Structures are given as structure tokens and as C-alpha cells.
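Right, one structure below, let's go through it.
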Amino acid sequence: GQDPPASLADAVAPLPSEVPCEGGQEYEDCGDPCGGTCAELRPPGPCPPGLCVPGCRCPPGLLLALGGHCVPP
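Under the numbering used here, the very last position in the sequence shown is 93; numbers go up by exactly one each time.
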């Protein structure tokens with residue numbers, strides 16, 4: 021079997037692949053590179069379909085404000 025973790029901190033430590041995100045954002049390995057900011061509340065411009073990039077993004081329904089925080093539209 022597996023040995024139990026030495027401490028609770030070891031059990032909940034983030035994996036090295038996880039990136040801390042600020043302002044309520046969540047890290048995604050593959051997300052839409054277009055839209056999602058308050059500055060982009062305009063008719064959508066050309067965006068390559070099917071393109072995905074890793075990074076921090078706001079959860080669905082929220083937009084990224086200038087300060088780097090997720091806010092409702």
C-alpha cells in the first residue's frame with residue numbers, strides 16, 4: 021500500500037504543474053485566448069477557432085477587470 025502523508029500540508033500541497041492565479045481566476049491548461057476582459061465588451065473580432073492556450077482565466081460568467089480581479093459583467 022501507500023504510506024500516509026507525513027502531514028496534512030503534504031496531502032494538500034499543490035502539484036508543481038499548478039499555477040497560482042490571483043483575483044479569483046482559475047488556471048486552465050487549455051483555454052480560449054480571446055475575450056474574457058471588461059475591455060473586450062465589444063462585438064467580437066476575428067479569433068482563431070479551436071486555438072487554446074494555458075493560463076489564468078476568470079470562471080464562466082465573470083470578466084477580468086483592469087486590476088486583475090474577476091467581476092460580473
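Using N, Cα and C, we set each Cβ at its ideal position, and we do this for glycine too. Treat the numbers as computed from the prediction; the structure is a model and nothing was measured.
Contact belief for residue i with residue j at Cβ below 8 Å, rounded distance in angstroms
i: D52; j: P74; result: Not confirmed; about 12 Å, so no contact.
i: G44; j: H89; result: 6 Å
i: E46; j: C76; result: 7 Å
Unbroken beta strand (DSSP E) run spanning residue i, endpoints
i: C50; result: 46-51
i: P74; result: 73-77
Own chain partners of residue i with C-beta closer than 6 Å, once the 5 adjacent residues on each side are dropped
i: P93; result: L83
i: C67; result: C54
i: C58; result: L83, A85
i: G81; result: none
i: P40; result: none
Burial state of residue i (16 or more Cβ within 10 Å)
i: C78; result: buried
Cross-strand partners of residue i (DSSP beta bridge)
i: C41; result: None, per the DSSP bridge assignment.
i: L84; result: T57, C90
Other residues of its chain near residue i: CB distance less than 7 Å, five sequence neighbours each side excluded
i: E42; result: G88
Proximity test, residue i beta-carbon vs the ligand ZN heavy atom, cut-off 8 Å
i: A85; result: By its list of ligands, the structure shown contains no ligand whatsoever, and the ligand ZN lies outside what it can speak to.
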